[in-house]
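Numbering (the numbering used here), first residue to last: 10 to 532.
Heads up: the structure comes next, in structure tokens.
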Amino acid sequence: MNKLDSNLLIILSAIAGSAVGVIAGYFARKRIAEGNIAAAKKLAGSIVEEAQKEAETITKEASLKAKDKLYQGKIEFDKETRERRQELQNLEKRLITKEENLDKKIEVLDKKDGELTKRERSVSQQEKKTQDMEREYTALLEKERLQLEQIAGLSAEQAKKSLMELMENEAKTEAARAIKMIEDETREIAANKAKEIMALAIQRYAGEYVAERTVSVVNLPNDEMKGRIIGREGRNIRAIEAATGIDIIIDDTPEAVILSGHNPVRREVAKMTLERLVADGRIHPARIEEIVSKVEQEIEQTIKEAGEQAVFDAGIHGLHPEVIKLVGRLKFRTSYTQNVYLHSMEVAFICGVMAAELGLPQKLAKRAGLLHDIGKAVDHEVEGSHAIIGGELAKKYGENQKIVEAIATHHDDHPASLLGILVQAADALSAARPGARKEMMETYVKRLEDLEKIATSFPGVEKSYAIQAGREIRVIASNQSISDEAAVVLSKDIARKIEKEMNYPGQIKVTVIRETRAVDYAK
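Below, the structure is given as structure tokens:
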């Protein structure tokens, strides 16, 4: 073999070895690649599996959070629903209360409307009767005038003119003489006398007054008498209560029984009846009715005499008989332990003194002063303050309009006339002087507490304050729950409840205050 062939053989061997190496490398790389691919697939499968597990975990957490929020939302909804339900229940209660109050007011208005209708019919009948009597009276006067003209030979105008001229001349003469005499006397004594009377009118006055109360006590000779007063199966005590209208309280108080009632005249009748029955010893229904009838007649006579005495002492004339009786009834009425009968006479006296000092009609002032509290004679029977009741009574029995206004406004902040101011001042002087009125501190404080308690019992009231010694109650109302219109109704409701549940002298002013505040800050 030559050298060329051996080199060619070497080259071919090298080429064959290279080809074998390339083929071996290819298969080696293929196996490596397949191993890498298998590892990659395995890694990808584990990643996908982990991702699926994580996705499931996230889904479960999201579901739990959603359920928790749903639960919390349900709790809040239930809470809000309960609160709304409670608010609706409270609102329903308030509406029911207001509806009941309105029903009561409507019932009262219907009752008053019925009474007014009856009074209108009665007034219409009386008016018709008065017109008929007026026509008869006019016809009689005309007939009388014609007869007088025939007898006198003068016409009515001629006779009237002649008589007026004669009376005018006589009156001028008498008036000039009286004026001259009065002027001379007045210049000498008027100033000193007026000062002396004024000092006398306002100085301290010592009088005997009974205790202010709604009960009377009757002493018994022994406790056995209580059984006789009660009677078999209580027939005697029922007969006394029915005949007098007063409650008889028989308790453990030794040798005494208590008479309870707001009408002072009826309480006096019951007291006198019981005292006479105890003294007589014969206690049975027939005897009770007999004694009550006699005592009532005596009390009526006492009232009439007391009224006539007061009118005589005050120098007043022309009062209606019923007004005189009302004045007499004040003898059995007290206010803060002050006897209203004596108080009215004092006020009349002081009014007359002040009117004389001011140059006003003295008799008119005395009349207004004496009658200023006549409403207290019936204020336990008629609704309203004694001042308004007294004004209506005075108007009913034909008193002067100035006197009616003075009586009706003597407790107002601004009386309607100068006469009303005089009555108010005289009333204050008589009531406020030392020794005129007495009241225990416990009773006073209790009345103030009761006033505030009644005011705060109404819904929407935040605070209440009794002021001016219990003559006024200030009520602070909630701005959110009480409107301006409701405040007016609230004041009336509080006033009605005070009238119903409390006993007090005079009148109590109810003031409801509703305030709106807006607050901001400048920064």
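Heads up, the beta-carbon is just placed ideally off N, CA and C, and yes, glycines get one too.
Please read these numbers as outputs of a predicted model, since none were measured by experiment.
{"Asked": "Separation of Q516 from R505, as counted between CA atoms", "Found": "12 Å"}
{"Asked": "Start and end residues, beta strand (DSSP E) containing T262", "Found": "First-last for T262: undefined, no H or E at that position."}
{"Asked": "Heavy atom of the ligand ZN within 7 Å of S171 beta-carbon", "Found": "The ligand content of the structure shown is nil, which means the ligand ZN is not present either."}
{"Asked": "Beta-bridge pairing of V226 - partner residues as DSSP gives them", "Found": "I267"}
{"Asked": "Collapsed DSSP secondary structure at V432 in the structure displayed", "Found": "helix"}
{"Asked": "Extent of the continuous beta strand (DSSP E) to which I333 belongs", "Found": "It is not in any beta strand (DSSP E) - I333 instead sits in the alpha helix (DSSP H) that spans 330 to 338."}
{"Asked": "Rounded distance between the beta-carbons of I463 and E392, thought under 8 Å", "Found": "About 17 Å separates the two Cβ atoms, so there is no contact after all."}
{"Asked": "Same chain only: Cβ atoms within 7 Å of Q318, ignoring 5 sequence neighbours per side", "Found": "none"}
{"Asked": "Chain-order list of residues whose beta-carbon lies under 6 Å from that of R237 (same chain, five-residue window excluded)", "Found": "I292"}
{"Asked": "Residue range of the beta strand (DSSP E) that includes E314", "Found": "Careful: E314 lies outside any beta strand (DSSP E), inside the alpha helix (DSSP H) at 294 to 323."}
{"Asked": "M142 classed as buried or exposed, judged by whether at least 16 other C-beta atoms fall within 10 angstroms", "Found": "exposed"}
{"Asked": "Inter-residue spacing [alpha-carbon to alpha-carbon] between Q159 and Q410", "Found": "42 Å"}
{"Asked": "For K78, the three-state DSSP class (helix, strand or coil)", "Found": "helix"}
{"Asked": "Same chain, Cβ closer than 6 Å to A365, five either side skipped, listed in chain order", "Found": "Q371"}
{"Asked": "Whether R241 touches I325 by CB criterion (8 Å)", "Found": "no"}
{"Asked": "C360 beta carbon less than 8 Å from that of L431", "Found": "yes"}
{"Asked": "Burial state of A374, where buried means 16 or more other Cβ atoms lie within 10 Å", "Found": "buried"}
{"Asked": "Option in A440, N488, L17 with minimal Cα separation from V349", "Found": "A440"}
{"Asked": "Own chain residues within Cβ distance below 7 Å of L402, not counting five before or after", "Found": "L335, I383, G384"}
{"Asked": "Distance between beta carbons of P294 and R244, contact taken as under 8 Å", "Found": "6 Å"}
{"Asked": "Beta-carbon gap between V484 and V521 smaller than 8 Å", "Found": "yes"}
{"Asked": "Close beta carbons around I300, own chain, < 7 Å, minus the five adjacent residues each side", "Found": "T282, R285, L286"}
{"Asked": "Pick from E414, G368, Y406 that is closest to H381, judged by C-alpha positions", "Found": "E414"}
{"Asked": "Three-way DSSP call (helix, strand, coil) for R523 in this model", "Found": "strand"}
{"Asked": "Under the three-state DSSP convention, the category V470 falls into", "Found": "strand"}
{"Asked": "Cα-Cα separation, D388 to K120", "Found": "19 Å"}
{"Asked": "Through-space distance from G327 to A175, alpha-carbon basis", "Found": "At residue 175 the sequence reads Leu, which differs from the Ala that was named. Cα to Cα, the separation comes out at about 28 Å."}
{"Asked": "Buried or exposed (CB count within 10 angstroms, at least 16 for buried), M234", "Found": "buried"}
{"Asked": "Buried or exposed by the 16-neighbour rule on C-beta atoms within 10 Å, applied to V219", "Found": "With a pLDDT of only 35 at V219, under 50, the local geometry of the prediction cannot be trusted, and no value is derived from it."}
{"Asked": "Residue range of the beta strand (DSSP E) that includes E481", "Found": "481 to 486"}
{"Asked": "Collapsed DSSP secondary structure at A187 in the structure displayed", "Found": "helix"}
{"Asked": "Member of A187, I503, Y513, I491 whose CA lies at the smallest distance from the CA of R523", "Found": "I491"}
{"Asked": "L111 versus L149: straight-line alpha-carbon distance, rounded", "Found": "55 Å"}
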